[in-house]
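Visitor: Protein sequence lines correspond, in order, to chains U and P. Position 111 (the first sequence) corresponds to 111 in the numbering used here; numbering is contiguous. Position 35 (the second sequence) corresponds to 148 in the numbering used here; numbering is contiguous.
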Amino acid sequence: AQSVSQHNHHVILSEAASLELGCNYSYGGTVNLFWYVQYPGQHLQLLLKYFSGDPLVKGIKGFEAEFIKSKFSFNLRKPSVQWSDTAEYFCAVNARNTDKLIFGTGTRLQVFP
Amino acid sequence: DVKVTQSSRYLVKRTGEKVFLECVQDMDHENMFWYRQDPGLGLRLIYFSYDVKMKEKGDIPEGYSVSREKKERFSLILESASTNQTSMYLCASSAGTSGSPRADFGPGTRLTVT
Numbered sequence: 001a002q003s004v005s006q007h008n009h010h011v012i013l014s015e016a017a018s019l020e021l022g023c024n025y026s027y028g029g030t031v032n033l034f035w036y037v038q039y040p041g042q043h044l045q046l047l048l049k050y051f052s053g054d055p056l057v058k059g060i061k062g063f064e065a066e067f068i069k070s071k072f073s074f075n076l077r078k079p080s081v082q083w084s085d086t087a088e089y090f091c092a093v094n095a096r097n098t099d100k101l102i103f104g105t106g107t108r109l110q111v112f113p
Numbered sequence: 114d115v116k117v118t119q120s121s122r123y124l125v126k127r128t129g130e131k132v133f134l135e136c137v138q139d140m141d142h143e144n145m146f147w148y149r150q151d152p153g154l155g156l157r158l159i160y161f162s163y164d165v166k167m168k169e170k171g172d173i174p175e176g177y178s179v180s181r182e183k184k185e186r187f188s189l190i191l192e193s194a195s196t197n198q199t200s201m202y203l204c205a206s207s208a209g210t211s212g213s214p215r216a217d218f219g220p221g222t223r224l225t226v227t
C-alpha cells in the first residue's frame, strides 16, 4: 500500500530564509508525485508535480522539488520565502497503476516579516 | 480549468441524522475522490470512484458510503452521523491514467455534528 510521510509538522521561518520540506513515500513501483498548498481560508491548489523526466521540477511562486528515486523522496524547496508563503503544504503520491491519490499529514509553514 | 463544486460550505447536523454531501465536476473526469481533512492528520481518503457506479474504499471508509450514478456527480453519505465525523470534507476529481493524474479540489464542506 502507498503511504506518504511528512516529517516537518510545523515550520517557522523569517522572510528571506530558505525552505526545505521533507516528503518520503513508500511504494515500490512507478509513481506520480505532487505538492499541494492550502493558503488560509482557501482550497487546495497544485504547487508542482512530477510525472517523469527531469527529477528537478519547478512549480509556481518560485517553488521547486527534487525527486530522488533511491531515497523515495520528493522534497520541496524555496530559496527565499515570503510572508505570503504562509500556508499548509501537502505532499501526495499516486501509483501509476492506480488512480488512488494519497496525501501526507501536511506541514504548516509560518513566515514572519 | 476544472471546476469542482460542493453543495454546501458549512453544514450542521445532529447525531444520528443521515447526511448527504454532494460534489459535481464539469471536466468529464473519470476519477472522483472524497477526503476528510483534520488538523495534524492531513487528508485521509474515504472513498474514490474510477467510473460510474464503480467505487473503492480508501483508508477510512467506516461510517461512510458513496454513490456515483452519473460521471459528473459523486455523493458522500453519512448513514448515521456521529460527533467524530465533524470535519472538513474535500471532494476532488482527476482525469485518471489516460490523462493528467493531477487532482483538482473543491472548496470543501465543513460539517459539524452536534
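Glycine residues also receive a C-beta, built at the ideal position from the N, C-alpha and C atoms.
Check P:N197 in the structure and name its three-state DSSP category.
Guide: Indexing the second sequence from 1 puts residue 197 of chain P at position 84. DSSP, reduced to helix, strand and coil, places P:N197 within a helical segment of the structure shown.
Visitor: Any Cβ of chain U within less than 8 Å of the Cβ of P:F187?
Guide: As a working note, residue 187 of chain P is residue 74 in the second sequence. Output row for P:F187: interface = no.
Visitor: Residues in the same chain with beta-carbon distance under 6 Å from U:S3, minus the five sequence neighbours each way, listed in chain order, please.
Guide: Residue mapping note: residue 3 of chain U aligns to position 3 of the first sequence, counting from 1. Contacts found: S26.
Visitor: What does the Cβ neighbour count give for U:N94, buried or exposed, with the cut at 16 atoms within 10 Å?
Guide: The count along the first sequence starts at 1 and reaches residue 94 of chain U at position 94. Buried, since its Cβ has 16 or more Cβ neighbours within 10 Å.
Visitor: On the DSSP letters alone, give me the boundaries of the beta strand (DSSP E) that P:E175 sits inside.
Guide: For the purposes of this step, residue 175 of chain P is taken as residue 62 along the second sequence, with counting starting at 1. Note, P:E175: premise wrong, no beta strand (DSSP E); not H, not E.
Visitor: Report back the beta-carbon spacing between U:E20 and U:Q82 to the nearest angstrom; my notes put them in contact at under 8 Å.
Guide: Here residue 20 of chain U refers to the residue found at position 20 of the first sequence. Here residue 82 of chain U refers to the residue found at position 82 of the first sequence. In fact, because the Cβ distance is near 16 Å, the residues do not count as touching under 8 Å.
Visitor: Under 8 Å between the Cβ atoms of P:S206 and P:V117?
Guide: Translated into positions along the second sequence, residue 206 of chain P becomes position 93. Translated into positions along the second sequence, residue 117 of chain P becomes position 4. In this structure, P:V117 lies closer than 8 Å to P:S206 by Cβ.
Visitor: I want to see whether chain P comes within less than 8 Å of U:D54, judged by CB atoms only; does it?
Guide: For the purposes of this step, residue 54 of chain U is taken as the residue at position 54 of the first sequence. U:D54 has a beta carbon lying at 8 Å or more from every beta carbon in chain P.
Visitor: Any Cβ of chain P within less than 8 Å of the Cβ of U:G104?
Guide: Stepping through the first sequence from its first residue, residue 104 of chain U is reached at position 104. For U:G104, the closest Cβ of chain P is nearer than 8 Å.
Visitor: Which residues mark the beginning and the end of the beta strand (DSSP E) in which U:C91 is found?
Guide: The residue you call residue 91 of chain U lines up with position 91 of the first sequence. Residues 87-95.
Visitor: Which runs of the beta strand (DSSP E), 3 residues or longer, sit entirely within the stretch 21-62 of chain U?
Guide: 24-26, 31-38, 45-50, 56-58
Visitor: Mind checking P:L154: buried by the 16 CB within 10 Å criterion, or exposed?
Guide: Working through the second sequence from its first residue, we reach residue 154 of chain P at position 41. It counts as exposed.
Visitor: Give a yes or no on whether the minimum CB-CB distance between P:S178 and chain U is below 8 Å.
Guide: Residue mapping note: residue 178 of chain P aligns to position 65 of the second sequence, counting from 1. Among the CB atoms of chain U, none fall inside 8 Å of the CB of P:S178.
Visitor: What residue does the beta strand (DSSP E) around U:N75 start on, and which one ends it?
Guide: Mapped onto the first sequence, residue 75 of chain U falls at position 75. Residue range 73-78 is occupied by the beta strand (DSSP E) that includes U:N75.
Visitor: Verify the CB distance criterion: does U:K69 have a CB-CB separation below 8 Å to chain P?
Guide: Counting from one through the first sequence, the residue named residue 69 of chain U turns up at place 69. No - not a single Cβ of chain P is within 8 Å of the one on U:K69.
Visitor: So, helix, strand or coil for U:S84, using DSSP?
Guide: In the first sequence, the residue the question calls residue 84 of chain U occupies position 84. Reduced to three states, the DSSP call for U:S84 is helix.
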